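Protein chains in written order, with this note's numbering: chain P, 237 to 547; chain G, 237 to 547; chain S, 237 to 547; chain F, 237 to 547. Here a beta-carbon is modelled for each residue, glycine too, at the ideal position from N, C-alpha and C. This structure is a prediction, so every number in the text was calculated from the model and none was measured. Worksheet: one structure, shown below.
Protein chains: 4
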Amino acid sequence: MTQERGATRSTLPEGGVVPPVCTPLTPERELDVPSLERLATFLIENGMHGLFVTGSTGEVAYLPDETRYRALEVVAGVAAGQVPVLAGVIDTTTPRVIEHAKAAKAAGADALVATAPFYAPTHPVEFPGHFRAIRAAVDLPLIAYDIPVSVGHKLPADVVLALTEDGTLDAEKDSSGDLDGLRTLLESPVPVLAYSGSEVLADVSLFLGAHGLVPGLGNVDPAGYLRLYDAAKRGDWDAAQSEQTRLRRLFKIINVGDGRMGRYSSAIGAFKEGLVARGVIGGGTTSEPMIPLDDTERGAVRSHLAEAGLL
Amino acid sequence: MTQERGATRSTLPEGGVVPPVCTPLTPERELDVPSLERLATFLIENGMHGLFVTGSTGEVAYLPDETRYRALEVVAGVAAGQVPVLAGVIDTTTPRVIEHAKAAKAAGADALVATAPFYAPTHPVEFPGHFRAIRAAVDLPLIAYDIPVSVGHKLPADVVLALTEDGTLDAEKDSSGDLDGLRTLLESPVPVLAYSGSEVLADVSLFLGAHGLVPGLGNVDPAGYLRLYDAAKRGDWDAAQSEQTRLRRLFKIINVGDGRMGRYSSAIGAFKEGLVARGVIGGGTTSEPMIPLDDTERGAVRSHLAEAGLL
Amino acid sequence: MTQERGATRSTLPEGGVVPPVCTPLTPERELDVPSLERLATFLIENGMHGLFVTGSTGEVAYLPDETRYRALEVVAGVAAGQVPVLAGVIDTTTPRVIEHAKAAKAAGADALVATAPFYAPTHPVEFPGHFRAIRAAVDLPLIAYDIPVSVGHKLPADVVLALTEDGTLDAEKDSSGDLDGLRTLLESPVPVLAYSGSEVLADVSLFLGAHGLVPGLGNVDPAGYLRLYDAAKRGDWDAAQSEQTRLRRLFKIINVGDGRMGRYSSAIGAFKEGLVARGVIGGGTTSEPMIPLDDTERGAVRSHLAEAGLL
Amino acid sequence: MTQERGATRSTLPEGGVVPPVCTPLTPERELDVPSLERLATFLIENGMHGLFVTGSTGEVAYLPDETRYRALEVVAGVAAGQVPVLAGVIDTTTPRVIEHAKAAKAAGADALVATAPFYAPTHPVEFPGHFRAIRAAVDLPLIAYDIPVSVGHKLPADVVLALTEDGTLDAEKDSSGDLDGLRTLLESPVPVLAYSGSEVLADVSLFLGAHGLVPGLGNVDPAGYLRLYDAAKRGDWDAAQSEQTRLRRLFKIINVGDGRMGRYSSAIGAFKEGLVARGVIGGGTTSEPMIPLDDTERGAVRSHLAEAGLL
């Protein structure tokens, strides 16, 4: 069991920065392939250790199946083995997730990222069966995605530990904001490979022993998160914290639309506008029903980027 | 506007009992077509005013797309215009819902049932765009499905009223448990057609003016809900309440698995086992990762049915 | 046991309308005794079956101990045995509640109303000990007050039933909004005496078998709730519902301050202003830190009252 | 304004470890004065920078007023100016808190710790008036206590900053678990003095810039938290983290009663049993309705202490 886990793990980044890649769209809301290729290239050239496609930041919950798989193919094509490509296989329950998992493998994914079931009321006692069935159906490393804000419940530490121990799970991506829970996993004798999804407590997550980072803001400033990560790796906590402070300030771009739209419209809109401003992608269109940023809000994004030295 | 709404509404049951149809599965978890045909026939013969396919009770969150659409085709084939067929087009956000809506229309749906966005954090200010885009994409009556337990937020009354007034929505299915909110809709000068999803307060919902019922337990005892509905329609509240009391007792079948599984595994398992016991469907298999009922639990379902005079 | 319970119950209204009495304050925020005397008289003359002092509507959570007990004395003095006086003994946990219970008995209370513990995280397994200790310490009928919005958890039906069966509890006041839970209590073979705290679903609560009503709006329109109650008692649901519809419209006074203050500031301010407008109390001062209504908002309260035929 | 704030702040520990002192009770649940004196002495001798009396760990929500004030007098008597004594003035709303604040000043408190209103639904727009009225009524440094698990809402950062800026608040005690929010306060140009209430992320809180710690477990192992604090102060994060790891293991004593009682009964029972085991207090009695630890559970506490080298 341990041996096999080791085997699959080898295709997973053992740490580092693995940004959840934005999904550029044309004004007609089709996949903007050239922009996505440029974005993947930009991230790899900036030293990212892997790319996470069709995650929450990648608007996975908005993309039709074909767009999901096509985005994955495009990024896998650019990555071409240079860095692993993780695919979010996000859907309500096991059979639907398995369909995505099969398609993701076919499209070139090196690993899968799956949440607990959502929409259908599901009890933690049913989580192990969910992850085991996914792992059994598709032979790729499997990362549990703990994101209570989206799925409505926290992945209990004992479930993650049991599923790590029996080889079902190869890693956890923690977007729960529960640092005590993350620390509990990392203190366990079971060796859990943990990525943090936090943009604003990335330094703290690494301080607690997390292995990697999956920051949405890493689309806009991959070099910043790489500096933060490298500083933490060499134990230079002052430098890590100082970089984090800079990135926290930049992260305020996600609030540009506050009051006029939901937080998510504002955040995804801001990441994309940041990428437009940096010349990486062609346009900042987001999926329906997100409300687009207006001129003032886009201007505010650019001001933040300028202040952060990114323009 | 009103005229058009009237036009599409004509294919919607203006009231009555519209059960969310269970989706029978073979032991291999494929769609059990003959069982589904028998179930649709059973419900129509018992006087149901419409059939709601791929709702929560129909395990929509567990069914792969092909199974969803095939189930709809089967039921639409049996209904053959005798009663309208409503299709749940349940997915995370607008573009994905629209894909289901198109497929549902092609498969024979007479109306669509859609929730607010879920998984992706969405603000109420974004709900109107969601429903309007669905309505614009597929020309079928549209029913808003208010189910906070699954989507994480309540559909605000002012959103439902505005979207009813402009012809986007033709009805609301209320599974929120918020009777004050339901009453607010029904008291409004805007004529909202409202279905209640409650098995246990169906009489009260009709007392408040709701037009129809969508009870999962209606799979097992359609005649009971019809008696309740008819009593309410003629203003015989004693009879309605007495039937409700009987159905509340029967509804305890959903607790047979308590402690050993989630509430949903237990409820869906119990409805299916009830249909097996009544000779309507061939087997009680449920989707992964739901935990199956064991012999004792199945026996408990049958005891409840016997007590309710259904065996 | 049953016998003893019967004994204590005899001092409890077996039903009827028992409004939670507002606590009039002078501009200096001292108890306005003459106004409170007039209010108690007004309510009794309007046929109320009991008076509930120092409930949530009575600003119990704002009143210093001495004001609480003095308000109770004043109302008990006016009631003088004509109707029972219930006292809210609202505090965080058992020892503090017992202190209030002793003081309330000394001040003339006929029965006590206590919530589950709050602030201190408390598990349902600890609720029975809480209520039993209160009942053992002070020999007065005890009413469990189920108000999750304030205490953070629902009183489970099995706890209420067990404590009713063993004679600890004499009644339940349900402000949970959970009509299914209320119905479960009322269907039980254990005879639970239940009051509903809902202003807007009072008719429905009586339809489900609730014995009494505790509506905050009953301060302003006691005659309306009495008509509703009497209609329900004689089974005239159309009349009950029609009166409820009128009272629902009047209840909109609680929203006059929306956007400028919290819901509670607006509601308590509106009840008091309504009593001023009807000439019952001398002023509408509310406790700190509630925000006072301004002239426009007070005018809006009066318009609603005029529309309801109360001025 | 700044000057006055400086003036009052001078009596507040500008950082350090300020444990929330347990309140020892006799078997009859009276205040155990000799034990409390020994506990205060023990904590001061172990280098604590201040003592926080009648906090959540001190069972404030369970203690009758007289016991609260007596406990404060006892500790203030032992402290005798060696270290400041902070008093929790915990009650539902402003007028009741002010009564406690006056009594606390009379009993010798050097500073006050108050939460936002609870039980009474209160809107954030009403928080400033609450804290300002307390500060105006009693001239002692005022610490805002952010504890959403008990009061049901988070103290918004902008409220804390505004009230710090205008001299109302002298510090914040953060028991919200929201490290991002804490960091936002600490990054602000407004100089917020912040204490963390976390036992398990104390090192991280200090890493983020928090000034002090208020750990309940500090009753049992004050020397451990002092070592952690001192290590952090000199920037030795490895040592701080290593001490934290040891304390996290010890903190598992709070789970000894899991499954048989609420988490709080278990935690308070364990802290007190730990103090009994260390010979500091005479008995582990807790307030009603908390369930007492049994022999096995008390044994488990002692095993954890032995393992931590404290016996």
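Task: Boundaries (first-last residue) of the beta strand (DSSP E) holding Ile379 of chain S - done: Residues 378-382.
TODO: Rounded to whole angstroms, what's the CA-CA distance from Pro331 of chain S to Gly251 of chain F? Just pull it up for me.
DONE: Whole-angstrom Cα-Cα distance: 34 Å.
Open item on the list: With a threshold of 8 Å between beta carbons, is Pro525 of chain G in contact with chain P?
Closed with: Yes, Pro525 of chain G lies at the interface with chain P (some Cβ there is under 8 Å from its Cβ).
- [ ] Please state if the CB of Ala446 of chain S and the CB of Leu422 of chain S are separated by a distance shorter than 8 Å.
- [x] Yes. Within cutoff.
TODO: Tell me whether Ala393 of chain S sits in a helix, a strand or coil according to DSSP, three-state version.
DONE: Helix.
Open item on the list: Counting only C-beta atoms, is Ala340 of chain F closer than 8 Å to chain S at any point?
Closed with: At a cut-off of 8 Å between beta carbons, Ala340 of chain F makes no contact with chain S.
TODO: Using three-state DSSP, classify Val459 of chain S as helix, strand or coil.
DONE: What sits at residue 459 of chain S in the sequence shown is Ala, not Val. Correct three-state label for Ala459 of chain S: helix.
TODO: Compare the Cα-Cα distances from Ile280 of chain S to each of S:Gly471, S:Glu524, S:Glu533, S:Ala459 and report the closest residue.
DONE: For Ile280 of chain S, the closest of S:Gly471, S:Glu524, S:Glu533, S:Ala459 by C-alpha to C-alpha distance is S:Ala459.
Open item on the list: Please tell me whether Asp358 of chain G and Tyr500 of chain P are closer than 8 Å, where the distance is taken between their beta carbons.
Closed with: Note that residue 358 of chain G corresponds to Thr in the displayed sequence, not to Asp. Yes. Within cutoff.
Open item on the list: With DSSP as the reference, identify every bridge partner of Gly252 of chain F, one or two as the case may be.
Closed with: Partner(s): F:Gly448.
TODO: Can you tell me which of the three DSSP states Thr358 of chain F falls into?
DONE: Of the three classes helix, strand and coil, the one that applies to Thr358 of chain F here is coil, per DSSP.
Open item on the list: Comparing C-alpha positions only, which one of S:Arg485, S:Asp472, S:Asp394 sits nearest to Leu549 of chain S?
Closed with: In this structure chain S extends from 237 to 547, so residue 549 of chain S is not present and cannot be described.
TODO: Give a yes or no on contact between the region 377-388 of chain F and the region 397-416 of chain F, applying the rule of three or more CB pairs nearer than 8 Å.
DONE: The answer is yes - the region 397-416 of chain F touches the region 377-388 of chain F, with three or more Cβ pairs under 8 Å.
- [ ] With DSSP as the reference, label Val436 of chain S as helix, strand or coil.
- [x] Reduced to three states, the DSSP call for Val436 of chain S is coil.
TODO: Look at the Cβ atom of Leu376 of chain P, then the Cβ atom of Ala347 of chain P, and state whether they are nearer than 8 Å.
DONE: Between Leu376 of chain P and Ala347 of chain P, the CB-CB gap stays under 8 Å.
Task: Where Pro425 of chain F falls, given that 16 or more other Cβ within 10 Å makes a residue buried - done: Around the CB of Pro425 of chain F, fewer than 16 other CB atoms lie within 10 Å, so the residue is classed as exposed.
Task: Distance CB(Ala438 of chain F)-CB(Leu464 of chain F) smaller than 8 Å - done: In this structure, Leu464 of chain F lies closer than 8 Å to Ala438 of chain F by Cβ.
Open item on the list: Please state the DSSP three-state secondary structure of Glu533 of chain S.
Closed with: Looking at Glu533 of chain S - three-state DSSP - the assignment turns out to be helix.
Task: When S:Leu267, S:Gly448, S:Leu418 are compared against Leu299 of chain S, the one with the closest alpha-carbon - done: It is S:Leu267 whose Cα lies nearest to the Cα of Leu299 of chain S.
- [ ] To the nearest angstrom, report how far apart Gln239 of chain F and Ala503 of chain S are at their CA atoms.
- [x] Confidence at Gln239 of chain F is low in this model, with a pLDDT of 35, below 50, so its placement is unreliable and no value can be given for it.
Task: Per-residue contacts from Met497 of chain P into chain G (C-beta, under 8 Å) - done: Chain G residues near Met497 of chain P: His359, Val361, Glu362.
Open item on the list: Taking its Cβ as the centre, do 16 or more other Cβ atoms sit within 10 Å of Val492 of chain G, making it buried, or is it exposed?
Closed with: Buried, because 16 or more other Cβ atoms sit within 10 Å of the Cβ of Val492 of chain G.
TODO: For Arg482 of chain S, decide whether its Cβ has a neighbour in chain G, counting only Cβ atoms nearer than 8 Å.
DONE: No, Arg482 of chain S does not count as interfacial toward chain G.
TODO: Check the DSSP bridge columns for Thr522 of chain S and list the partner residues they point to.
DONE: None, per the DSSP bridge assignment.
Open item on the list: Can you confirm whether Gly299 of chain P, when its beta carbon is compared against all beta carbons of chain G, has any partner nearer than 8 Å?
Closed with: According to the sequence displayed, residue 299 of chain P carries Leu and not Gly. With 8 Å as the cut-off, Leu299 of chain P counts as an interface residue toward chain G.
Task: Closer than 8 Å at the beta carbon, the chain S residues around Leu437 of chain G - done: Taking a Cβ-Cβ cut-off of 8 Å, the neighbours of Leu437 of chain G in chain S comprise Leu415, Asp416, Arg419, given in sequence order.
TODO: Check each candidate in S:Val396, S:Lys508, S:His336 and name the one with the smallest Cα separation from Phe363 of chain S.
DONE: Taking only the C-alpha atoms, the option nearest Phe363 of chain S is S:Val396.
Task: Reduced DSSP secondary structure (H/G/I, E/B, other) of Gly510 of chain P - done: It is helical.
Task: Any C-beta of chain F under 8 Å from that of Glu423 of chain P - done: Taking Cβ atoms only, chain F reaches closer than 8 Å to Glu423 of chain P, which makes this a yes.
Task: At least 3 beta-carbon pairs within less than 8 Å: the region 311-320 of chain F vs the region 335-342 of chain F - done: The region 311-320 of chain F makes no contact with the region 335-342 of chain F: fewer than 3 CB pairs, one atom from each, lie closer than 8 Å.
Task: Completely contained beta strand (DSSP E) runs for the region 263-294 of chain F, where each covers 3 or more residues - done: If we require 3 residues or more, the beta strand (DSSP E) runs fully inside the region 263-294 of chain F come out as 287-289.
- [ ] Give a yes or no on whether 8 Å exceeds the smallest Cβ distance from Phe487 of chain S to chain G.
- [x] Output row for Phe487 of chain S: interface = no.
TODO: Flag Val440 of chain P as yes if its beta-carbon sits less than 8 Å from any beta-carbon of chain F, otherwise no.
DONE: With 8 Å as the cut-off, Val440 of chain P counts as an interface residue toward chain F.
Task: Amino acids of chain P, ordered along the chain, whose beta-carbon sits closer than 8 Å to that of Phe354 of chain F - done: Ordered by position in chain P, no residue passes the 8 Å Cβ test against Phe354 of chain F, which lies about 23 Å from the chain.
Open item on the list: Here's the rule: buried if 16 or more other CB atoms are within 10 angstroms of the residue's CB, otherwise exposed. What is Gly242 of chain S?
Closed with: Residue confidence is low: Gly242 of chain S scores 38 on pLDDT, short of 50, so the model does not pin down where it sits. Its coordinate-derived value is still stated next. It is exposed - the Cβ of Gly242 of chain S has fewer than 16 other Cβ atoms within 10 Å.
Task: Neighbour flag for Phe443 of chain G against chain S, beta carbons, 8 Å - done: Phe443 of chain G counts as touching chain S.
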